[in-house]
Amino acid sequence: MKFLLILQGDDTGRGEPYADLSRDVFEHTAHEAGELVGGELLADPELAVTVPGRVRATPIDAYYLIDVETPARAIELAYLLPDTRTPGRSVEIRAVMRTTAFDL
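In the working numbering, the protein residues as written are 17 to 120.
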C-alpha cells in the first residue's frame with residue numbers, strides 16, 4: 017500500500033526554516049526496509065502560486081512517498097519524523113488511491 021506522508025506546519029519565529037528537523041532516522045529506517053519510494057523538500061510557501069488564489073491554512077513543506085504492507089506501518093514510520101513531536105507541526109498520512117503517471 018502506498019501512502020503519502022505530508023509534512024506541514026508553521027515556521028513562525030523559528031529563523032532558518034526547520035533547521036532542527038533532522039529526518040535522518042526516518043529516511044534511513046524506511047530506505048533500509050525498502051519502503052521509501054521518494055520524497056522532496058518544497059520551496060518556501062511564499063514563493064508558491066495558488067490557483068485560483070485560495071490560501072492553504074497549514075503550509076506543506078515536504079512529503080515522502082512510502083510503500084508499506086499495512087496502514088499501521090505507515091503510522092509507525094510517520095512517528096519517526098520529528099515533525100510529530102514539534103509544536104505547530106504535523107504529518108498527514110494519506111493513502112494513494114491509484115497511480116496517475118504513465119509510461120511515455
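Backbone N, C-alpha and C fix where the C-beta goes; we use that ideal spot for every residue, glycine too. Bear in mind that the values here come from a model prediction, so they are computed numbers and not experimental data.
Measure from the alpha carbon of residue 38 to the alpha carbon of each residue in 23, 112 and 82, then state which is nearest. Start at 1 with the first residue of the sequence shown, and residue 38 comes out as number 22. When each option's Cα is compared against that of residue 38, the closest is 23.
Is residue 19 helix, strand or coil by DSSP? Sequence index remark: in the sequence shown, residue 19 carries index 3 (1-based). It is a strand residue.
Leaving out five residues on either side along the sequence, give the residues of the same chain with a beta carbon under 7 angstroms from the beta carbon of residue 79. Along the sequence shown, one-based indexing puts residue 79 at 63. Hits under 7 angstroms: 20, 21, 22, 23, 55 and 56.
Could you give the C-beta distance for residue 40 and residue 104, rounded to a whole number, given that I count them as a contact under 8 angstroms? Translated into the one-based positions of the sequence shown, residue 40 becomes position 24. Translated into the one-based positions of the sequence shown, residue 104 becomes position 88. Not confirmed; about 21 angstroms, so no contact.
Residues in the same chain with beta-carbon distance under 6 angstroms from residue 42, minus the five sequence neighbours each way, listed in chain order, please. Translated into positions along the sequence shown, residue 42 becomes position 26. Closer than 6 angstroms at Cβ, skipping near neighbours: 96 and 97.
Burial state of residue 60 (16 or more Cβ within 10 Å): Along the sequence shown, read from residue 1 onward, the residue named residue 60 stands at position 44. Classification for residue 60: exposed.
Other residues of its chain near residue 107: CB distance less than 8 angstroms, five sequence neighbours each side excluded: Within the sequence shown, the letter at position 91 stands for residue 107. Its chain contains 21, 22, 23, 24, 94, 97, 99 and 100 as the residues whose beta carbon lies nearer than 8 angstroms to that of residue 107, once the 5 sequence neighbours on both sides are disregarded; these appear in chain order.
Using DSSP bridges, identify the partner residues of residue 60. For this step, residue 60 is matched to residue 44 along the sequence shown. When beta bridges are read from the DSSP output, residue 60 appears opposite no residue.
Using DSSP with H/G/I as helix, E/B as strand and the rest coil, what is residue 78? For this step, residue 78 is matched to residue 62 along the sequence shown. In this structure, residue 78 counts as strand in the three-state DSSP scheme.
Tell me whether residue 107 sits in a helix, a strand or coil according to DSSP, three-state version. Position 91 of the sequence shown, counting from 1, holds the residue named residue 107. Residue state, collapsed to three classes: strand.
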